[in-house]
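Numbering (mature numbering (1 follows the signal peptide of the UniProt record, and there is no 0)), first residue to last: -34 to -1, 1 to 250. All C-beta atoms, glycine included, are put in the ideal place defined by N, C-alpha and C. This structure is a prediction, so every number in the text was calculated from the model and none was measured. Notes follow once the structure below has been shown.
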Amino acid sequence: MTSMGFTSFQLQAFRSSIGAALLSLACACAPAAAEVLRLATGQFAPYATQERPDQGIALDIVRRAFALEGFEVEYTFKPWTRTLEESRAGLWDATAYWGRNPERDKGFLISDNVLTEQWVLVYRQAAFKEAPFDWKGLIDLKGLRIGVVQSYTYTPEFLALLKAGTLNTVTAPDDLASLRLLIGGRLDVVPMERNVACYLMQHHFMDSEVQDLRAHPRLFAPNFTTHVMFSDKLPDSAARLQAFNRGLRALKRTPAYTEKLNWPGCRLNAIAPAPERTPAKPKR
């Protein structure tokens, strides 16, 4: 017998039960490890890029939305075509981020809108000497030299005018090449995503080269939504889609979401009211 009235066997059992209870309590209080999701993506700076600590505006929004629902995200960068094919086959938990396309969407569950891209017409002020550049409909762009990127889809109305030969376009391999043609005076306007243009201006040109560039306030493609896509071959995709949408709705109610959407200090962010006048034609 011990001094407290227990046998050594009883005391050992008592201590074991107390230890088990404390261990159980510790496990109940410890936060569960976040589930890690592997997402495939491609390069489209500044929205998806390995060059930024946050891996891009859009990818950071996706990461934050998932985090609000208890998920961690790991991105792997691949060519966009491989990203799409492998994600559709279920080799990745999801892929970000994509515009809507009926053919491309096949085999996927599509999330709510991550962000709406700000497609605008970028132009040189010096090309429009008689009056500031203005446009109200695509037909107003007739007679202008318009830069387009060979792999981009654009809008159905724009493509119809191109097919009809109504609009005069110059094709470039990418946005950077289009900007170089615009700065060099070989183009009058270029449809381009605002933050993409700001990124390229900051990283590839001197300020003196781009100081005359402006963006018209009217959106060229006002409904260009973007999304996370989940393969319909994975059993957890539906639940993960719902969780992401919940997190995204919560994130959009915070200032952090709005702050991510503008490129700080870019002159293309300055939006002035469009003048009410006949659309101006460039002086060349």
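L147 is positioned such that its CB atom lies closer than 9 Å to that of V136. Note on geometry: alpha-carbon atoms of L179 and S197 lie some 41 Å from one another. With fewer than 16 other Cβ atoms from the protein chains shown falling within 10 Å of its own Cβ, V2 counts as exposed.
At the C-beta level, T192 and E83 come within 9 Å of one another. Contact between the region 92 to 101 and the region 115 to 122 is absent: fewer than 3 CB-CB pairs across the two stretches fall below 8 Å. Within the model, the alpha-carbon separation for A126 versus R90 is close to 26 Å.
A direct Cα-to-Cα measurement between L234 and D140 gives close to 19 Å.
The C-beta distance from N134 to R111 rounds to 6 Å, short enough to fall under 8 Å. In the structure shown, L145 falls within a helical segment according to DSSP collapsed to helix, strand and coil.
With 16 or more neighbouring CB atoms inside 10 Å of its own CB, M167 falls in the buried class. The beta carbons of R4 and E40 sit closer together than 9 Å.
V194 is the residue among V194, Q9, L185, T42 whose C-alpha sits nearest the C-alpha of N67. A direct Cα-Cα distance of roughly 42 Å separates L142 from A(-2).
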